[in-house]
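Undergrad: Starting off with a structure, shown below.
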Amino acid sequence: MALHSVSIKFKLAIIMGVLLVPIVLVSVWHYFEILEKETVEIATHNQNVAANLAGKLESLIHETFGVMNALSRHPAVIAGDLARSDRLFAELLPSYPYRINIIAVDMDGNNIGSAVAQPQSRTLNYRDSEWFFAAREGQDVVGNLHASKLFQQPSVMIAKPVYDDGARQVGVIGIPLDLQKLNVAMSSSWRKPARTAIMVVDRNGIILVDSRVAERVGKHAAAVLPQCIFPATRSETYVCVDSDGVERLVSRAPVEGAGWTVVTTVPVAGAKRFAMVVSSKSLMAAIGGGLAAFFLAVAIGRSITRGISELLSGMRELEQGNLDYTLKLAGNDELERVAGSFNAMAGRLRKSETDLRVINAELEERVARRTAQLELANREMESFSYSVSHDLCAPLRHLSGFSQALLEDHGGRLDEDARSLLDRIDRASKRMSDMIDAMLGLSRLTRGELSRETVDLGAMAREIAAELRKFQPERVVTFTIAGTASVYADPRLMRIVMENLLGNAWKYTRRSENAEIAFGTVHEEGKLVCFVRDNGVGFDMAFADRLFTPFQRMHRDEEFEGDGIGLATVQRIIHRHGGRVWYEAAVDRGATFFFSLD
120 MALHSVSIKF KLAIIMGVLL VPIVLVSVWH YFEILEKETV EIATHNQNVA ANLAGKLESL
180 IHETFGVMNA LSRHPAVIAG DLARSDRLFA ELLPSYPYRI NIIAVDMDGN NIGSAVAQPQ
240 SRTLNYRDSE WFFAAREGQD VVGNLHASKL FQQPSVMIAK PVYDDGARQV GVIGIPLDLQ
300 KLNVAMSSSW RKPARTAIMV VDRNGIILVD SRVAERVGKH AAAVLPQCIF PATRSETYVC
360 VDSDGVERLV SRAPVEGAGW TVVTTVPVAG AKRFAMVVSS KSLMAAIGGG LAAFFLAVAI
420 GRSITRGISE LLSGMRELEQ GNLDYTLKLA GNDELERVAG SFNAMAGRLR KSETDLRVIN
480 AELEERVARR TAQLELANRE MESFSYSVSH DLCAPLRHLS GFSQALLEDH GGRLDEDARS
540 LLDRIDRASK RMSDMIDAML GLSRLTRGEL SRETVDLGAM AREIAAELRK FQPERVVTFT
600 IAGTASVYAD PRLMRIVMEN LLGNAWKYTR RSENAEIAFG TVHEEGKLVC FVRDNGVGFD
660 MAFADRLFTP FQRMHRDEEF EGDGIGLATV QRIIHRHGGR VWYEAAVDRG ATFFFSLD
């Protein structure tokens, strides 16, 4: 059917139908734009909630250790004085909410002090508790979930060893956290947003707090949660279908020092409802105006022929993106009202475009403001680091200088013990200065841009091996180094990684009769994995969770020198390259460190 053979009504119907299509498309686009914006805002807020709760838990644990540090030096606790300890603990406990009790335990696990002094508490023995076993071995402990022996309710014990004046361990002091009160606090008094669910999972995957389903407390998260929530390999906020079939935004934040993870979830449906309400109003208004014009055009088809040309011109302008175009038709008839509807539609589109520009400008301004704040914070942190370095290193240099002066000028009048003490002061001040320098060096690794290029780690390993042999030519060590291991990375930072890993292998093989050190590569899942292996003293994997923590060492200074910063430096550099680092080891059977880069 030729277009010229149909009636003007049909032609107008076609025109109005074409006009409705972009209106619907713009409205649909508007819906998804609002949905995305609302989802981003909810996700950001959800992540902030998780980080805020993690910070509160970190502060709670830090405060608890602070209280125990003070109590562990109290004469009544050291002496195991039951009555005085009971009174002391009972006076302190009301000042520290979210704690069930304060207890002291001797080396046999017997209760020798309790803030809640009941006849039953005197008969309790904690020898079978995992937290007591670890604290008795001299460790500060954030224990596993267990049922309190005195109160029979879920709790987590914070414990640390107690030493007498002779540095002999005489017992353990512990403060159990009240998980029920923490659940209530995180759900209400800590101002959890509406519809947000909160979980706290410990390092073993056990649920400690669950604001939505209390019955899941004590169960392994992998057994009751979808895999997209736990275990999850992603740290950013993302969408996951929960076990109840509801789509939720999931955010995670680590609780440093405890190995816990705070997981917050919020339904996505709220964002969809908001977007649907806002966009549907615009859609219905646009469609309503279009339909009214459509039926009006069908009814009075012949009377509007004079304005067809102007109307078509307006449509062409609109299609070309000229939203400022306005139809101006003389008269007070139906065609003029169609023109008014057309102009109103163009105005709504102009307003939408203007609103979008305003939103984009606001977002750009917020990003610029946050970037400026971050740059200022970085500059202040760098200034603070240098100030701390100067203020701490100067007294340390004075200590070292004065102790050396005493030894040189008055050493003959001092007995052996005095000279030994001065020597220890000198060595301790130098070690403290080295630790400050190491700490500053570690902080600098997080600043500055990466300067990536192709780096041959095999050639670099051979250079470092030659330097180690030159440093200690009397040692006999067999090096096995891969021919070529090319990576795309910052050569300066990778030099630090290789020097630390090969230097550690060199140091920890010095007791081996046939010392062997190897650097090589393997391919796993299409990625190049590099490794450094030695047959040195190795370490116990049970205590390896502190391996990458600054100043935490697996061996005593009397056995092997070091400042405990090397592996922490390696981890930060590898993470800056988007990679990961892991290890395998056994006592007296050596260690292997693996790393891969993005």
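In this text, residue positions in the sequence shown follow this note's numbering: the first is 120, and each later residue adds one. All C-beta atoms in this analysis are idealised placements derived from N, C-alpha and C, irrespective of residue type, glycine included.
#1: Could you tell me whether the Cβ atoms of Asp225 and Gly290 are closer together than 7 Å?
#2: Compare the Cα-Cα distances from Arg594 to each of Gly602, Ala584 and Ala601 and report the closest residue.
#3: Quickly, what does DSSP pair Ile317 with across the bridge? List them, please.
#4: Does DSSP put Gln288 in a helix, a strand or coil?
#5: Hey, does Ala223 have any beta-carbon neighbour from chain C nearer than 7 Å?
#6: Please report how far the alpha carbon of Glu366 lies from the alpha carbon of Ala169, in whole angstroms.
#7: Roughly how many angstroms lie between the CA atoms of Leu264 and Ala254, to the nearest whole one?
#8: Have a look at Asn619 and Lys646 and give me their C-alpha separation to the nearest angstrom.
#9: Report, in whole angstroms, the separation of the C-beta atoms of Ala223 and Val196, which I expect to be a contact under 8 Å.
#10: Taking Cβ to Cβ, would you say Thr573 is nearer than 7 Å to Ser539?
#11: Take Ala340 and list the residues in its own chain whose beta-carbon comes closer than 8 Å to its own, dropping the five residues that flank it on each side.
#12: When DSSP builds the beta bridges, which residues end up paired with Thr445?
#13: Whole angstroms are fine: how far does the CA of Glu249 sit from the CA of Ile636?
#14: Using CA coordinates, which residue listed in Ile180, Thr384 and Asn633 is at the minimum distance from His164?
#15: Indicate whether the contact test is met: 3 or more Cβ pairs, each with one atom in the segment 233 to 240 and one in the segment 204 to 219, closer than 8 Å.
#16: May I ask you to report which of helix, strand or coil DSSP gives Ser432?
#17: My guess is that Phe251 and Gly285 are in contact by the Cβ rule of under 8 Å, so how many angstroms apart are they, rounded?
#18: Look up Leu264 in the DSSP assignment and give the residues it is bridged to.
#19: Considering just the uninterrupted stretch of the alpha helix (DSSP H) at Ala195, what are its terminal residues?
#20: Can you name the residues that DSSP bridges to Asn462?
#21: Classify Met187 as buried or exposed, calling it buried when 16 or more other Cβ atoms lie within 10 Å of its own Cβ.
#22: With H, G and I counted as helix, E and B as strand and the rest as coil, what does DSSP make of His794?
#23: Could you work out which residue in Leu201, Glu182 and Arg192 is closest to Leu296 when comparing CA atoms only?
#24: Along the chain, where does the beta strand (DSSP E) containing Leu368 start, and where does it finish?
#25: Quick one, are the C-beta atoms of Gly602 and Asp653 less than 7 Å apart?
#26: Just the C-alpha distance for Asp247 and Gly376, rounded to the nearest angstrom, thanks.
#27: Under a three-way DSSP split, which group does Tyr627 fall into?
#28: With DSSP collapsed to three states, give me the class of Val281.
#29: Within 10 angstroms of its Cβ, does Ser274 collect 16 or more other Cβ (buried), or is it exposed?
#30: Relative to the C-alpha of Asp283, which candidate in Glu256, His193 and Glu527 has its C-alpha closest?
#31: Rounded to whole angstroms, what's the CA-CA distance from Leu525 to Asp682? Just pull it up for me.
#32: Excluding the 5 residues preceding and the 5 following Arg218 in the sequence, name in chain order all residues of the same chain whose CB lies nearer than 8 Å to its CB.
#33: Based on the DSSP output, what are the partners of Asn479 in its beta bridges?
#34: Should Met403 be labelled buried (16 or more other beta-carbon atoms within 10 Å of its own) or exposed?
#35: In whole angstroms, what is the alpha-carbon distance linking Ala480 and Val486?
#36: Can you name, in chain order, every residue of its own chain whose Cβ lies under 6 Å from the Cβ of Gly257, other than the five neighbours on each side?
TA: According to the structure shown:
#1: yes
#2: Ala584
#3: Thr383
#4: strand
#5: Here there is only one protein chain, and chain C is not present.
#6: 18 Å
#7: 16 Å
#8: 23 Å
#9: 5 Å
#10: no
#11: Met318, Val320, Gly324, Ile325, Ile326, Ile348, Phe349 and Pro350
#12: Paired residue(s): none; Thr445 is not in a bridge.
#13: 37 Å
#14: Thr384
#15: yes
#16: helix
#17: The Cβ separation is near 22 Å, so there is no contact.
#18: Val275
#19: Pro194 to Ala198
#20: The partner list for Asn462 (beta bridge, DSSP) is empty, contrary to what the question assumes.
#21: buried
#22: The chain is shown from 120 up to 717; residue 794 falls before or after that span and cannot be answered.
#23: Glu182
#24: Glu366 to Val374
#25: no
#26: 24 Å
#27: helix
#28: strand
#29: buried
#30: His193
#31: 27 Å
#32: Thr183, Leu212, Ile294, Pro295, Leu296 and Asp297
#33: According to DSSP, which records beta bridges pairwise, Asn479 is partnered with nothing at all.
#34: exposed
#35: 10 Å
#36: Pro280
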